[in-house]
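Student: Okay, so the sequence shown: first residue is 1 according to UniProt numbering, each after it adds one.
Virtual Cβ for every residue (Gly too), placed ideally from N, Cα, C.
This one's a predicted model, so the numbers in the text were calculated from it and none came from an experiment.
Input: one structure, supplied below.
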Amino acid sequence: ICRILPEAAEKDLATKKAELAEAKIKATTKKAELEKAEAELENLLSTLDPEGKTQDELDKETAEAELNKKVEALQNKVAELEEELSKLEDNLKVAETNNVEDYIKKGLEEAIATKQAELEKTQKALDTALNELGPDGDEEETPAPAPKPEQPAEQPKPAPAPQPEKPADQQAEEDYARRSEEEYNRLTQQQPPKAEKPAPAPQ
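Below you can see the structure in the form of structure tokens.
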């Protein structure tokens with residue numbers, strides 16, 4: 001009996017040791033899982049800014065900010081092109097009014113056409129950028145490029161047509177004045193011989 005008790009005790013002790021070893025393994029596993037969970041939490045927190053925004057949200061805001069800068073730059077470009085176009089059209093009107101040589105007029109017309117093409121291209125790029133911004137209130141800025149209404153300013157091109165009449169009138173007046181001067185000169189040239197007739201009077 002004495003031998004049986006020690007054997008039973010040894011078995012029980014061995015069982016306890018095995019359970020303890022298993023418990024240690026489980027504890028180690030749980031610790032590893034806990035550390036992994038903590039690491040994942042830290043990574044998640046690192047993607048948040050002080051306001052609690054995720055990295056995706058921050059990236060989106062950055063992209064929108066860059067797009068807004070692009071829109072602003074395009075709007076400024078459109079305004080500059082419209083101003084330049086307006087000046088060129090004014091110069092063309094002045095050239096037509098003052099009867100400037102044709103090659104100068106053609107040069108201005110070509111410059112206007114080029115500037116107009118550049119303006120249209122820039123305007124399209126601006127419209128595309130505004131569409132990319134989406135309905136965040138930015139669409140209201142679309143009318144901002146109010147420069148569009150200024151484009152009709154190009155229509156005045158046909159208007160100069162009546163202006164050429166002025167130079168025509170001026171030429172007519174100049175021609176009339178020249179003819180008058182020529183007639184006057186002829187008359188004055190014919191008068192001298194008449195003035196010589198009174199010479200014999202003193203005889």
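Helix or strand or just coil, what does DSSP make of Asn-76?
Tutor: Asn-76 falls in the helix class under three-state DSSP.
Student: Does the segment 115-134 come close enough to the segment 70-89 that 3 or more CB-CB pairs lie under 8 Å?
Tutor: Touching, yes.
Student: So, for Thr-28: in the same chain, excluding its five sequence neighbours on each side, which residues have a beta-carbon less than 6 Å away from its beta-carbon?
Tutor: So no residue of the chain qualifies.
Student: Taking the alpha helix (DSSP H) that residue 221 belongs to, which residues open and close that run?
Tutor: The requested residue 221 is not part of the displayed model; the chain covers only 1 to 203.
Student: Relative to the C-alpha of residue 207, which candidate in Ile-112, Asn-99, Asp-56 has its C-alpha closest?
Tutor: Outside the displayed range of the chain (1 to 203) lies residue 207, so it cannot be described from this structure.
Student: Determine, using beta carbons only, whether Val-78 and Leu-34 come nearer to each other than 8 Å.
Tutor: No, they are not a contact pair.
Student: Is the beta carbon of Ile-104 sitting closer than 8 Å to the one on Ala-117?
Tutor: Cβ atoms of Ile-104 and Ala-117: not closer than 8 Å.
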